[in-house]
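When we follow this note's numbering, the leftmost residue of the sequence shown carries the number 1, and every step to the right adds one. The C-beta atom is built at its ideal place from N, Cα and C for all residues, glycine as well. A short worksheet on the structure shown next.
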Amino acid sequence: MACSRHAAACACPPRLRFLQFLQFLRFPVGEPAQVAELSDLKAFVDKYEKLFALTGAGCSTDSGIPDYRDAGGLWKRPPPMDFRSFMDYPLRRARYWARSMVGWRRFSAARPNAAHFGLAELERRGRVALLATQNVDGLHQAAGSLHVIDLHGRLDRVRCMECGLLRPRGELQRELEDLNPQWCNLEAADAPDGDAELEGLDFSSYAVPPCPRCGGIVKPDVVFFGENVPRTRVEATLAGLRQADAVLVVGSSLMVYSGYRYIKAAAQDGLPIAALNLGRTRADGLLSLKVEQPCAAALAWLTASGAVPPDAAAASDAAALSRS
Ligand SMILES: [Zn+2]
């Protein structure tokens, strides 16, 4: 089968040539350049046996959870609340929980997508040794990944800032809804991290329950801006990175230092780094390979059995049936 980009005797691998052939037949496998990028990514994943995966918001956008930044790495919306604002201003805290109460319904219903399942599959095949995520949605674990570090915590838990009591977020949700029935039927656009857009409302009447054990301030068990990632979590992540032979970034612009620091450390140690991300990343200059494609489609392609990505396989079957 001749390669559609080069001479018949070119060195493109058979898999790529087959995909180019499907492209020539107008099957939906993307532009040849995209297919070539994916083949490079597949070669990267095949080459290294102990990948350290670092994931971000781009991994969860196909699950209906919005991200913060545009393709240029700039904020799409006002930056999220910072730690001191939450702790020091009761009205801002009320605003946070009112928005969170509305956003939680959809956030808690989100399900893993092909990006999460693909990474879980790479772990199952023994390629991904550790996955560190900047996401707080728990969708990697829901997809079956076992070795996950939630760098920024989990939104499905709440923590008392006085006594440390940890509780399920769902329990607090019921208390918030019981205390604020007039806020329950509000509809609002989703925002990142289980937040929702609620503007122009008076939050002074919104009631936030204190810790049931000590009366302290209850906060989602996530790392806010202006707050440090716990030291033990950073050390566990660095230990995992030291055992890896390469790094795969999925769906992160790496604009936040708490994720970028690991890529910087990996580059200093001479590890090859690949990134699958739509748009610019802070680490573009450190990458061995950059693939600018949607995470879910790319990972589905990467882990699909055989040489044909699922879409192309379905189209191929349909074409075969129509000819028979
Ligand atoms: Zn407490």
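Under the three-state reduction of DSSP, which class applies to ARG125: helix, strand or coil?
coil
Cβ contact (3+ pairs, closer than 8 Å) linking the segment 115-127 and the segment 55-63:
yes
Continuous alpha helix (DSSP H) stretch holding CYS295: start and end:
295-303
On the criterion of 16 or more Cβ atoms from any shown chain inside 10 Å, does GLU235 qualify as buried, or is it exposed?
The residue is exposed, with fewer than 16 neighbouring Cβ atoms inside 10 Å.
Taking 7 Å as the cut-off, is the beta-carbon of LEU165 closer than that to any non-hydrogen atom of ligand 1?
yes
Cα separation between ASP46 and ALA36?
15 Å
Between the segment 173-187 and the segment 101-109, can you find at least three pairs of beta-carbon atoms closer than 8 Å?
yes
Drop a sphere of 10 angstroms on the beta-carbon of GLU49, count the other beta-carbons inside from all chains shown, and report buried for 16 or more, exposed for fewer.
Burial is judged here by how many other beta carbons sit within 10 angstroms of a residue's own beta carbon; GLU49 has fewer than 16 and is exposed.
What is the DSSP secondary structure of GLY153, counted as helix, strand or coil?
strand
At the level of alpha carbons, what is the spacing between ALA207 and ARG124?
Using only the alpha carbons, I get a separation of about 45 Å.
Is it the case that the Cβ atoms of SER63 and LEU172 are separated by a distance below 8 Å?
no
heavy atom of ligand 1 below 7 Å from ARG331 C-beta
Residue 331 falls outside the range modelled here, since the chain spans only 1 to 324, and no answer is possible.
Excluding the 5 residues preceding and the 5 following ALA265 in the sequence, name in chain order all residues of the same chain whose CB lies nearer than 7 Å to its CB.
LEU238, LEU241
Nearest CA to the CA of ALA244: which residue from ALA129, SER108, ASP178?
ALA129
State yes or no: is the C-beta of GLU175 nearer than 7 Å to some heavy atom of ligand 1?
no
ILE217 and MET161 look like a contact to me (Cβ under 8 Å); what is the Cβ gap, rounded to whole Å?
5 Å between Cβ atoms; contact.
What is the DSSP secondary structure of ASP221, reduced to helix, strand or coil?
strand
How would you call ASN228, buried or exposed, if buried means at least 16 neighbouring beta carbons within 10 angstroms?
With fewer than 16 other Cβ atoms within 10 Å, it is exposed.
Does the beta carbon of GLN268 sit closer than 8 Å to a beta carbon anywhere in chain B?
Absence of chain B from the displayed structure is noted, only one protein chain being present.
Can you tell me whether TRP298 is buried or exposed? The criterion is at least 16 other CB atoms within 10 Å of its CB, across all chains shown.
Rather than Trp, the amino acid found at residue 298 in this sequence is Ala. The residue in question, ALA298, is buried, as its Cβ has 16 or more Cβ neighbours within 10 Å.
Rounded C-beta distance between VAL250 and LEU41? I'm assuming under 8 Å.
Actually they are not in contact, since the Cβ atoms of VAL250 and LEU41 sit about 10 Å apart, beyond 8 Å.
Within a Cβ cutoff of 8 Å, which residues of the same chain sit near ARG213, ignoring the five residues on either side of it in sequence?
CYS160, CYS163, LEU165
State the Cα-Cα distance for the pair LEU155 and LEU146, rounded to the nearest angstrom.
18 Å
Alpha carbon to alpha carbon, what distance is there between GLN268 and ARG106?
40 Å
Can you look up HIS147 in the DSSP assignment and give me helix, strand or coil?
coil
PRO209 and GLU177: beta carbons closer than 8 Å?
Result no, Cβ atoms of PRO209 and GLU177 do not sit closer than 8 Å.
Taking all protein chains shown into account, decide if ASP112 is buried (16 or more other Cβ within 10 angstroms of its Cβ) or exposed.
Here residue 112 turns out to be Pro, not Asp, going by the sequence shown. Burial call: buried.
Can you look up ALA275 in the DSSP assignment and give me helix, strand or coil?
strand
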